[in-house]
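With the numbering used here applied, the sequence shown closes on residue 656, and no number is skipped along the way. To keep things clear, I will list the structure first and then write my remarks on it.
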Amino acid sequence: MISYDLDNDTLYEIAVKSLTAPSNAYFWDDRLYETHGAFVSWAERGDDLLEESNYRSALALIQGAAGESAEDHVIDGTSSHWAFGSLRTIYVQIRETAEPCDFQGCDEESHWWREGVETHTQFCEDHRAEYDAEGLPYEPLIPPFTDAFLEAAGIVTALLDYPFVDESDYSDRESQRFEANLDEAVDQAHKLNWEDTDADREAILERAWPDLGELYGQQANAEVSWESVAEIWGEARDAHFSELGNLHLNAQIEGQLLLVAA
Ligand SMILES: [Zn+2]
């Protein structure tokens with residue numbers, strides 16, 4: 395992962411974008427699009443490997459950056475969507491939680507501050523009115539960006555230039571899924587020749603292996619064409635049985651020669 399040194403304007407832009415809620419949507423958690431912006435999504439029941447890899451890798455990185463605050467600052471959200479089925483989205487708290495108001499007995503969040511004699515005073519919207527009445531100056535108090543947000547902002551920026559959050563995670567998933575899909579296709583090809591024994595299957599698989607391996611990367615999302623596998627399987631199977639046949643024939647010929655010799 396390339397680390398991006400993002401300036402404040404860029405971070406602000408990313409924050410605003412992530413807090414812009416899609417229209418006509420229902421949210422199950424009132425932190426969404428209020429304190430927590432949306433970053434990376436994945437249509438969970440789809441078969442897009444890159445989307446899955448990026449989602450899981452981004453989630454791990456953002457949770458890692460958030461450390462002990464991960465539980466509050468990072469939401470691994472699932473929502474039902476009419477088009478995508480189930481949609482997973484990473485929501486990240488943009489700014490640190492505001493500190494409480496300094497006024498005694500007040501537990502509102504501080505949104506303003508002013509220079510005090512020894513230290514500054516921070517206060518809520520209600521207590522701001524008291525300073526207004528006295529005509530005293532104060533400044534807005536904006537909590538810093540969270541580490542989770544800084545990481546998420548870096549990830550979405552990097553994704554503009556390079557499609558993988560973690561390319562090795564992606565290629566691991568790709569080869570695992572290819573193997574599973576290939577197993578399924580081989581099972582199917584083997585079943586079509588139900589009279590073949592397990593030993594035949596092993597021998598045919600060994601022959602077919604190099605050609606089956608060539609199928610890797612030919613289709614998107616590690617899909618495997620059953621037709622291609624059946625074709626490769628058929629050729630390997632023919633070769634296997636013709637060799638067996640020759641062995642058998644040779645044995646017969648040798649046997650006859652022995653008989654003749656006797
Ligand atoms: Zn207050």
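The beta-carbon is built from N, C-alpha and C at its ideal position, and this holds for glycine as well. Quantities reported herein were computed from a predicted structural model and do not represent experimental measurements.
In terms of Cα proximity to Gln582, the closest of Ser622, Glu512, Trp507 and Phe543 is Ser622. Between Ala542 and Gln487 a beta carbon distance of about 6 angstroms is seen, short of the 8 angstroms cut, so the two are scored as contacting.
In the three-state DSSP reduction, Asp577 falls in the helix class (H, G or I).
Here the alpha carbons of Gly611 and Phe635 stand approximately 30 angstroms from one another. With contacts defined as CB atoms closer than 9 angstroms, Leu443 and Tyr564 qualify as a contacting pair. Of the other Cβ atoms in all chains shown, fewer than 16 fall within 10 Å of the Cβ of Trp422; this residue is therefore exposed. Under the DSSP definition of a beta bridge, Ala437 partners with Leu481.
By the neighbour-count criterion, in which 16 or more other beta carbons inside 10 Å mark a residue as buried, Thr540 falls on the buried side. Boundaries for Phe517: no alpha helix (DSSP H) harbours it, while the beta strand (DSSP E) harbouring it runs Thr515 to Phe517, taken from the DSSP string. Ranked by Cα distance from Ile469, the first of Gly479, Ala477 and Arg450 is Arg450. According to DSSP, Trp506 shares a beta bridge with Phe517 and Pro534.
Here the distance from the Cβ of His514 to the nearest heavy atom of ligand 1 is not below 8 angstroms.
Per the coordinates, the alpha-carbon of Ser463 lies some 19 angstroms from the alpha-carbon of Ile549. The shortest CA-to-CA distance from Asp520 to any of Gly529, His514, Phe497 and Thr513 is the one to Phe497.
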